[in-house]
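Everything below concerns the one structure shown next.
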Amino acid sequence: MSNKIAIITGASRGLGKSTALHLARQGVDIIGTYHSREREAQGVIDDIEALGGKVKMLQLDVGDSRGFDVFATQVSALLSAYFKAEKFDFLVNNAGIGMYASCAETTEAQFDQVMKVHFRGPFFLTQKLLSLIADGGRIVNISSGLARFSPLGYAAYASMKGAIEVWTRYLANELGPRGITVNSLAPGAIETDFGGGTVRDNADVNAWISSNTALGRAGLPDDIGAAVSMLLGEGGGWITAQRIEASGGMFV
12 MSNKIAIITG ASRGLGKSTA LHLARQGVDI IGTYHSRERE AQGVIDDIEA
62 LGGKVKMLQL DVGDSRGFDV FATQVSALLS AYFKAEKFDF LVNNAGIGMY
112 ASCAETTEAQ FDQVMKVHFR GPFFLTQKLL SLIADGGRIV NISSGLARFS
162 PLGYAAYASM KGAIEVWTRY LANELGPRGI TVNSLAPGAI ETDFGGGTVR
212 DNADVNAWIS SNTALGRAGL PDDIGAAVSM LLGEGGGWIT AQRIEASGGM
262 FV
């Protein structure tokens, strides 16, 4: 029996990289995307191949839907030629950018950029890939704890994640007849380079987050990679249309 195949956007770093490695350790083959960090993408390839897994990385700007037809064609060709498969099984819409600005200070350009990357992109990329997802497959859309709690400065970013969560429910309803589950996973504050690495590198911010989290620390990329792999694993088959927060109990 051939391995399951996952497409993970933004797989060259952070949460996407962690997810790719967790899935690879479980025998899932990977098609990852990267925006510009080709060297880091090659590092992920090396890591997964060292585990004995099959992996390909494709360049993709999730904020530019003009490239989605070409990407879908590339995926179809890879499935046939490299993975010896007609369909893939899992889609993880993870790629993203950070943005910090108050409502009063947010420019239309900033708003449009975060909308294209965090909502418009996943929506229409998923649309383009629907014919290639196997019946019985699974989709995980990465949201954010910021869609529940509301610290200053994240209004536009968090609004797009709120939109992702609503879309997740509608998509789950549409794809239910095909046996495809769709869920959103909402990380809390995570120690990565995201948003300039503030959570990871600023000791005061990290301490403040830890003091407001039930489990007493900020999250790590592996916390999220493991959570995504859980949803895609055997135990996730009866979970759909749900928002699942992986924040260690932040602001409970």
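Quick note on this note's numbering: the sequence shown kicks off at 12 and runs consecutively. Beta carbons are placed, not taken as given, at the ideal position from N, Cα and C, and that holds for glycine.
Exposure label - residue i; buried when at least 16 CB within 10 Å
| i | result |
| --- | --- |
| LYS15 | buried |
| LEU163 | exposed |
| ASN194 | buried |
Straight-line Cα distance separating residue j from residue i
| i | j | result |
| --- | --- | --- |
| GLU119 | ALA167 | 10 Å |
| LYS61 | ILE18 | According to the sequence as given, residue 61 is Ala; it is not Lys. For ALA61 and ILE18, the distance between alpha carbons rounds to 19 Å. |
| ALA238 | ALA257 | 7 Å |
| ALA145 | ALA115 | 44 Å |
| SER23 | GLY187 | 31 Å |
| VAL263 | TYR45 | 34 Å |
| SER76 | SER13 | 31 Å |
| VAL210 | SER240 | 23 Å |
| LYS98 | ARG149 | 12 Å |
| GLU185 | GLY248 | 16 Å |
| ALA183 | ILE191 | 7 Å |
| GLY63 | ALA214 | 38 Å |
Nearest neighbour of residue i, chosen from the options [CA to CA]
| i | options | result |
| --- | --- | --- |
| ASN66 | LEU34, GLU116, THR192, THR251 | Note on identity: in this sequence residue 66 is Val, with Asn being the wrong assignment. Answer by Cα proximity: LEU34. |
| GLY259 | ASP72, PRO188, ALA225 | ALA225 |
| MET68 | ARG50, PHE160, GLY156 | ARG50 |
| PHE205 | GLY107, HIS46, PHE94 | GLY107 |
| ALA252 | GLN37, ARG180, VAL81, ILE150 | ARG180 |
| SER87 | ASN184, VAL128, THR30, ILE42 | ILE42 |
| VAL128 | SER154, THR192, ASP72 | ASP72 |
Residue interval of the beta strand (DSSP E) (run including residue i)
| i | result |
| --- | --- |
| ASP80 | ASP80 -> not in any beta strand (DSSP E); alpha helix (DSSP H) instead, spanning 79 to 92. |
| LYS273 | With the chain represented from 12 up to 263, any question about residue 273 goes unanswered, as that position is not in the structure. |
| LEU102 | 99 to 104 |
| GLY147 | 144 to 153 |
| LEU44 | For the sequence presented, residue 44 should be read as Thr rather than Leu. Residues 40 to 45. |
| THR192 | 192 to 198 |
For residue i, the first and last residue of its enclosing alpha helix (DSSP H)
| i | result |
| --- | --- |
| THR30 | 25 to 36 |
| GLU176 | 166 to 186 |
| ARG254 | No alpha helix (DSSP H) holds ARG254; the beta strand (DSSP E) holding it covers 254 to 257. |
| ASN217 | 214 to 222 |
Report yes or no: do the region 46 to 55 and the region 138 to 154 share at least 3 C-beta pairs separated by less than 8 Å? no
The region 176 to 183 contacting the region 230 to 244, beta-carbon criterion three pairs below 8 Å: no
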